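Residue numbers (my numbering): 9 to 460.
Ideal placement from N, C-alpha and C gives every residue a C-beta, glycine not left out.
Since the structure is predicted, the reported quantities are computational estimates derived from the model, not experimental observations.
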Ligand SMILES: *Cc1c(COP(=O)(O)O)cnc(C)c1O
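Below, the structure written as structure tokens:
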């Protein structure tokens, strides 16, 4: 400060005058914006973001932090990498359907379908006749075809919305009979009983936490009952002295049985024998099945409703259905999931543990050659995301020092692993094989950053 006051402003050799000269050489915004890299970025990120990067670069030059000639380069370096904050990550947690990572990854076919549907589409128009048509009819037909036991189907935004629509349309002002052991919290503080009560339905809880019998339901069902609800406890397991009535035992009570299966398995899965599926529940007599689209079905976030024609009709005509309807991108992704090749979730479930071990050993050898403290280890993956609680899937992982966890998560290609016994494990079961190269690159880039 002392120095500034003492300096002679006319003396070109003083720091201040040099600064003033540099400031005069700072290029104007419109000149910087003509840089081809920034022109290209404006098309990708929007002019606002590019201008803001240029302004920040000019400010740095004014502060003397960068030379005036470097304003364009600095602006390019300050550009965000994408117009959205969501970052693609590699899921090396060993949790196949990780809610914090967006649950099911879409198949290549579903991704392509989303791109194709992004522009104008015939989502509600019959191109042959030029007349308005049923919204999402081909996606609905694909769902019907995938579950022949369902006479009718309807789609909403997620599994919770499916339950809300069923409760509102069928049970507002009436009672839903539900087993005490099935009043679950689905995560992040959301509790199914609160959700159901918010629709104006009353809950009639029967049985106890661990045991509920057909007689419990039969005693509670009466003229005020709208339906019996069965909810799959999809994120926990009660073991020991337990009993839950099956759907088949509840179909003679004179009211519809609605089953929330949660995970969206449409048919029995050989690796998940205890996980309920839509086909089995419907053939056992369920009047309505609700499920999520982005769990074991491996599709986009949506809610499936499958069942009796009269009930689906009542739901789809209810005013609330309009507020819960899915968009064309979801319809496209769901149809491609239902009709297309195996989903990444299917592949992760079916992955051969010996093959996972081979991949882990190959990667570990590669990275060890670069000097990393890494080894291949056996690991246990889980389904997660509200499916197959208690099931573990044998897997293989790269084991790295714990400090890698944060560095990998915050790297250019974020990798999310898990911590176990003081090591950072990168479990390969949910990592598609083509991503092995990216995984290796991510570990190398961490070492590169530590080395400098
Ligand atoms: C996941 C789940 C839900 C909620 O579904 P969302 O698609 O997350 O809204 C409801 N019930 C069960 C049994 C679930 O597993």
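Paired residues, beta bridge with residue 162 - DSSP
313
Assuming residue 398 and residue 276 make a contact with CB atoms under 8 angstroms, what is their CB distance in whole Å?
With a Cβ gap of about 18 angstroms, residue 398 and residue 276 do not count as contacting.
Less than 8 angstroms between the beta carbons of residue 305 and residue 272, yes or no?
yes
Please state the DSSP three-state secondary structure of residue 279.
coil
Using three-state DSSP, classify residue 24 as helix, strand or coil.
helix
Please identify the residue among 412, 372, 249 and 227 whose C-alpha is closest to the C-alpha of residue 185.
227
Terminal residues of the continuous alpha helix (DSSP H) containing residue 59?
55-70
beta-carbon residue 277 near ligand 1 non-hydrogen atom, thresh 7 angstroms
Every heavy atom of ligand 1 is 7 angstroms or more from the Cβ of residue 277, so no.
I need the straight-line Cα distance from residue 452 to residue 121, nearest angstrom please.
Approximately 34 angstroms between the Cα atoms of the pair.
Using DSSP with H/G/I as helix, E/B as strand and the rest coil, what is residue 326?
coil
Between 68, 24 and 92, which has its C-alpha nearest residue 488's C-alpha?
As displayed, the chain neither begins before 9 nor continues past 460, which places residue 488 out of reach and without an answer.
Enclosing beta strand (DSSP E) for residue 210 [first to last residue]:
210-214
State the DSSP-derived secondary structure class of residue 243, mapped to helix, strand or coil.
The three-state reading of DSSP puts residue 243 in coil, since its state is none of H, G, I, E or B.
Leaving out the 5 sequence neighbours to the left and right, which residues in its chain are closer than 8 angstroms to residue 47 when beta-carbon positions are compared?
41
Does ligand 1 have a heavy atom nearer than 7 angstroms to the CB of residue 239?
yes
Residue 232 in three-state terms, based on DSSP
coil
Leaving out the 5 sequence neighbours to the left and right, which residues in its chain are closer than 7 angstroms to residue 261 when beta-carbon positions are compared?
Closer than 7 angstroms at the Cβ level, and outside the excluded window around residue 261, lie 225, 226, 229 and 236.
Does residue 188 get closer than 8 angstroms to chain C when you measure Cβ to Cβ?
In the displayed structure, chain C is absent; only one protein chain is listed.
Short Cβ contact (8 angstroms threshold) for residue 35 with residue 88:
no
Between the region 210-221 and the region 159-169, are three or more C-beta pairs nearer than 8 angstroms?
no
On the CB-based measure, 16 or more other CB atoms within 10 Å of its CB, does residue 416 come out buried or exposed?
It is buried - the Cβ of residue 416 has at least 16 other Cβ atoms within 10 Å.
Would residue 287 pass as a contact of residue 269 if the rule is Cβ separation under 8 angstroms?
no
Looking only at DSSP bridge pairs, what is residue 238 linked to?
In DSSP, residue 238 forms a bridge with 267.
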